[in-house]
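Trainee: Dropping a structure here in C-alpha cells format, bear with me for questions.
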Amino acid sequence: MKTYLAIDIGGTFVKTAIVDEKANILTSYKEKTPSSLEELLGLMKRVKASYHEISGVAVSCPGAVSDQGIIYGSSAVRYLHGPNIKKCIEETLRLPVFLGNDANCAAYAELWDGAAQGLRDFMVMVIGTGIGGAIIKDGVLHKGAHLHGGEFGYMLLDPDSIEDNSVWSRITSTKALVKKVAKAKNQDYNTLSGEAVFQMAEAGDQICSEAVDRFYHLLAVGIYNLQYIYDPEVILIGGGISARQELIDRLNEKLDRIIERIGLAKMKPVIKSCQHRQHANLLGAVYGFKKHCLDD
C-alpha cells in the first residue's frame, strides 16, 4: 500500500504524518513553526529522511494557493508568500508535491473519509491562529475567481472594525481570544495558550469566562451569516478547537439566541465538528495529492 508524507503548516505548529492511501495515519509529529523558509525546508528534509517508500508529499498551508505553487494573499506565516513554495519543496525533497490551502484540505478530508461523505453542498471552517474556510459546491471545491473562495476570515462583523482592520480572524480566532485575555490580565501574550484560557474559564476565572462567551457569540454570528450566504447542508468546524466537547453545544446555544431575536430569518445552521478534527488538514492534503497528482 502506498504511503505519503503529509505536512500541515500552521501559524503556531507544523504537523507531519505518514498517511496511507486508505486515510490511516501511521505516525505523526509536530513542532513549532520555523521562523524562515530555509528552516521549514530543513524540517521537511529531516522528516522525510526518517521514512522510506514515500510516494509523494502532500502539503496543507495557509493562503491562496495557485495551481502553479505560489501562495497569494496573507497569513501568519509570512515567508510562504512570494516564492514558488511547491517548487521549493519538490527541489528539496525530490518527490512529487501537492500544495493546497489548509481549509480546502480540511474539506477534502471530510469529503474523502469524514463527516461530509455523500454530501454535495457544505462549508468547512478551520479555527486556529486565524479563521480559514472552504466551500464545496455540487461536490466540487469552489476556489473562486481570485482563489479566495471560502476566505471567511476576512469578513467584517462590525462596520466600526474597518478602522483597525479587525476582520473576523482578528477578533474571533483562538489567537484573538488569547490576546484579549492577556491584555485584560496585563500578561505577556506568549505565556498563554488557547487551551489554558479555556481551562481557566472552566475553573471559574471571570475574565476568561467572559472572553470565551464572547468568542462563541462572535463565531455564531459569522456562522449565521454564512448560512444565509450559501445555504449549505452543513457547516463543519475544524482546527484544534474542534476537539473541545462543548464546542457544538455552546455554538448552538448562541445560534438559538440569535434566531430568537431575529424575526425575519429562522433557518438555523446545522453545525458539526470535522470528523478528523486536528488531523483533517493532513488527510485532506493526501486526498488532494491522490485527486490531482495521480489522476493527471
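Just remember that our numbering sits 70 ahead of the position in the sequence shown, which is counted from 1.
Backbone N, C-alpha and C fix where the C-beta goes; we use that ideal spot for every residue, glycine too.
These numbers come from a predicted model, not from an experiment.
#1: Once you ignore the five residues that flank A254 on each side, which residues in its own chain have a CB closer than 8 Å to its CB?
#2: Looking only at its chain, what residues have a beta carbon closer than 7 Å to the beta carbon of M114, apart from the 5 residues adjacent to it on each side?
#3: Under a three-way DSSP split, which group does G112 fall into?
#4: Which word fits S125, buried or exposed, when buried means at least 16 other C-beta atoms lie within 10 angstroms of its C-beta?
#5: Using the C-alpha atoms, what's the distance from A252 back to R240?
#6: Under 8 Å, do S243 and G188 count as touching if we go by C-beta distance?
#7: Quick check on DSSP: helix, strand or coil for N94?
#8: For L321, does the count of other Cβ atoms within 10 angstroms reach 16, so buried, or fall short, so exposed?
#9: Could you check which residue in R314, H212, N235, A246 has the C-alpha nearest to that of Q269?
#10: According to the neighbour-count rule (16 or more other Cβ atoms, all chains shown, within 10 Å of its Cβ), is S263 buried or exposed?
#11: Taking only three categories from DSSP, how would you classify E161?
#12: What is the rounded straight-line gap between the Cα of G202 and the Cα of W238?
#13: Measuring only the C-alpha atoms, how far is V248 from A266?
#14: Out of curiosity, what's the CA-to-CA distance linking K361 and I79?
#15: State the DSSP-derived secondary structure class of C131, mapped to helix, strand or coil.
#16: For the stretch 326–350, list the beta strand (DSSP E) runs that are entirely contained and at least 3 residues long, ordered along the chain.
#17: Would DSSP call N154 helix, strand or coil?
#18: For D366 and N256, I'd like the C-alpha separation in whole angstroms.
Mentor: From the atom records:
#1: I277, A281
#2: I77, I159, T162, L163
#3: helix
#4: buried
#5: 15 Å
#6: no
#7: coil
#8: buried
#9: R314
#10: exposed
#11: Collapsing the DSSP output to three states places E161 in a helix.
#12: 10 Å
#13: Rounded to whole angstroms, V248 and A266 show a C-alpha spacing of 9 Å.
#14: 20 Å
#15: Strand.
#16: 341–343
#17: strand
#18: In this predicted model, D366 has a pLDDT of only 49, less than 50, meaning its place in the structure is not dependable; the value taken from the coordinates is given anyway. Spanning the two alpha carbons is a distance of roughly 54 Å.
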